[in-house]
Amino acid sequence: MPVISRLVSIILRIAEIGFAAVVAGVIGHYLAKIRHAPGDVDWWGQSRFIYSEVIAGISILLGLIWLIPFSSGFFSWPLDILISCAWFASFGVLVDYIKRQACGGIWSWHFGGWGSESLCGTWKAAEAFSFLSAIVWLASGLVVGVLSFIECRPCTNIRSQGIWFTFRTRPSTTDGTHRRRWGRSAV
Numbered sequence: 155m156p157v158i159s160r161l162v163s164i165i166l167r168i169a170e171i172g173f174a175a176v177v178a179g180v181i182g183h184y185l186a187k188i189r190h191a192p193g194d195v196d197w198w199g200q201s202r203f204i205y206s207e208v209i210a211g212i213s214i215l216l217g218l219i220w221l222i223p224f225s226s227g228f229f230s231w232p233l234d235i236l237i238s239c240a241w242f243a244s245f246g247v248l249v250d251y252i253k254r255q256a257c258g259g260i261w262s263w264h265f266g267g268w269g270s271e272s273l274c275g276t277w278k279a280a281e282a283f284s285f286l287s288a289i290v291w292l293a294s295g296l297v298v299g300v301l302s303f304i305e306c307r308p309c310t311n312i313r314s315q316g317i318w319f320t321f322r323t324r325p326s327t328t329d330g331t332h333r334r335r336w337g338r339s340a341v
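Quick note, the sequence shown lines up with residues 155 to 341 if you use this note's numbering.
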């Protein structure tokens with residue numbers, strides 16, 4: 155992966171981890187409070203939060219793994235787009251939940267100011283960071299997939315046939331004859 159897309163990819167991976175950590179913290183705090191609440195909890199009704207928590211955990215794990223520069227980073231772009239779709243689904247279920255609450259409209263951000271323990275504010279924060287995470291995962295998939303292809307296309311050789319691998323052909327110190335498969339000269 156070329157230098158520019160590698161640097162952008164690292165910045166996007168750090169943002170992915172941060173946004174997923176915020177969503178995991180907000181929703182994890184809610185799930186911990188509801189677990190220790192008196193009475194029987196209907197976990198089927200909480201499935202949207204469990205889904206968002208699982209997606210956040212997977213995002214943190216994969217973001218940390220793919221932050222380390224391996225050659226497998228060339229193949230991570232389809233999974234980046236898949237996780238972006240999962241984050242968009244998480245955003246959708248959170249919007250659907252907030253719509254049913256008395257929090258105002260989706261884009262109404264007046265929730266009591268900073269430092270207040272407003273439930274609407276925490277849900278809207280989880281909603282916003284899940285949307286940001288979806289956008290960052292999508293951008294990461296595009297950076298790794300498209301920019302690597304565009305930047306590396308001139309430096310691939312015929313034999314590689316892999317669009318995300320780059321092979322440099324170095325000048326040889328031989329006489330310039332190329333041997334075929336069984337040792338015959340092509341010249």
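From the three backbone atoms N, C-alpha and C, an ideal C-beta is built for every residue, glycine too.
Note that the coordinates shown come from a computational prediction; the quantities given were computed from them, not determined experimentally.
> Among G275, I165 and G299, which has the Cα closest to the Cα of G217?
Replying inline: Along the sequence shown, one-based indexing puts residue 217 at 63. If we check each option's Cα against that of G217, I165 comes out closest.
> Using CA coordinates, which residue listed in G299, W220 and A174 is at the minimum distance from G211?
Replying inline: Along the sequence shown, read from residue 1 onward, the residue named residue 211 stands at position 57. Just measuring C-alpha positions, the residue of G299, W220 and A174 sitting nearest G211 is A174.
>> Which residue wins for smallest C-alpha separation from L233, given the options V297, H183 and D194?
In response: Taking the first residue of the sequence shown as 1, we reach residue 233 at position 79. For L233, the nearest C-alpha among the options comes from V297.
> What are the start and end residues of the alpha helix (DSSP H) that includes C239?
Replying inline: Position 85 of the sequence shown holds residue 239. From DSSP, the alpha helix (DSSP H) with C239 extends over W231 to R254.
>> When you compare the stretch 288-296 with the stretch 183-195, are there three or more beta-carbon pairs, one atom per stretch, that lie closer than 8 angstroms?
In response: no
> Who are the near neighbours of L286 in its chain, counting only those whose CB is closer than 6 angstroms to its CB and skipping five residues on each side?
Replying inline: Along the sequence shown, one-based indexing puts residue 286 at 132. Contacts found: F173.
> Is G275 buried or exposed, if buried means 16 or more other CB atoms sit within 10 Å of its CB?
Replying inline: Your numbering for residue 275 matches position 121 in the sequence shown. Classification for G275: buried.
> Rounded to a whole number of angstroms, what is the C-alpha to C-alpha distance between W220 and S159?
Replying inline: Along the sequence shown, read from residue 1 onward, the residue named residue 220 stands at position 66. Along the sequence shown, read from residue 1 onward, the residue named residue 159 stands at position 5. Spanning the two alpha carbons is a distance of roughly 14 angstroms.
>> I need the DSSP call for C274, collapsed to helix, strand or coil.
In response: Numbered from its first residue, the sequence shown carries residue 274 at position 120. Here C274 sits in helix by DSSP.
>> If you measure between the beta carbons of W291 and I237, is that distance less than 7 angstroms?
In response: Here residue 291 refers to the residue found at position 137 of the sequence shown. Here residue 237 refers to the residue found at position 83 of the sequence shown. Yes.
>> Here's a check: name, in chain order, each residue in its chain whose Cβ is nearer than 6 angstroms to the Cβ of V247, leaving out the five neighbours to either side.
In response: The residue labelled residue 247 in the question sits at position 93 within the sequence shown. Closer than 6 angstroms at Cβ, skipping near neighbours: R202.
>> Whole angstroms are fine: how far does the CA of S213 sit from the CA of E170?
In response: Here the question's residue 170 lines up with position 16 in the sequence shown. Here the question's residue 213 lines up with position 59 in the sequence shown. It is roughly 7 angstroms from the alpha-carbon of E170 to the alpha-carbon of S213.
> So, helix, strand or coil for A191, using DSSP?
Replying inline: To locate residue 191, count along the sequence shown from 1; it is residue 37. A191 falls in the coil class under three-state DSSP.
>> Tell me the rounded alpha-carbon separation between F283 and V177.
In response: By 1-based counting over the sequence shown, the position of residue 283 is 129. By 1-based counting over the sequence shown, the position of residue 177 is 23. Straight-line measurement puts the Cα of V177 at about 6 angstroms from the Cα of F283.
>> I'd like to know whether the C-beta atoms of A256 and V180 end up nearer to each other than 7 angstroms.
In response: Numbered from 1 along the sequence shown, position 102 holds the residue referred to as residue 256. Numbered from 1 along the sequence shown, position 26 holds the residue referred to as residue 180. It is not a contact, given that the beta carbons lie outside the stated cut-off.
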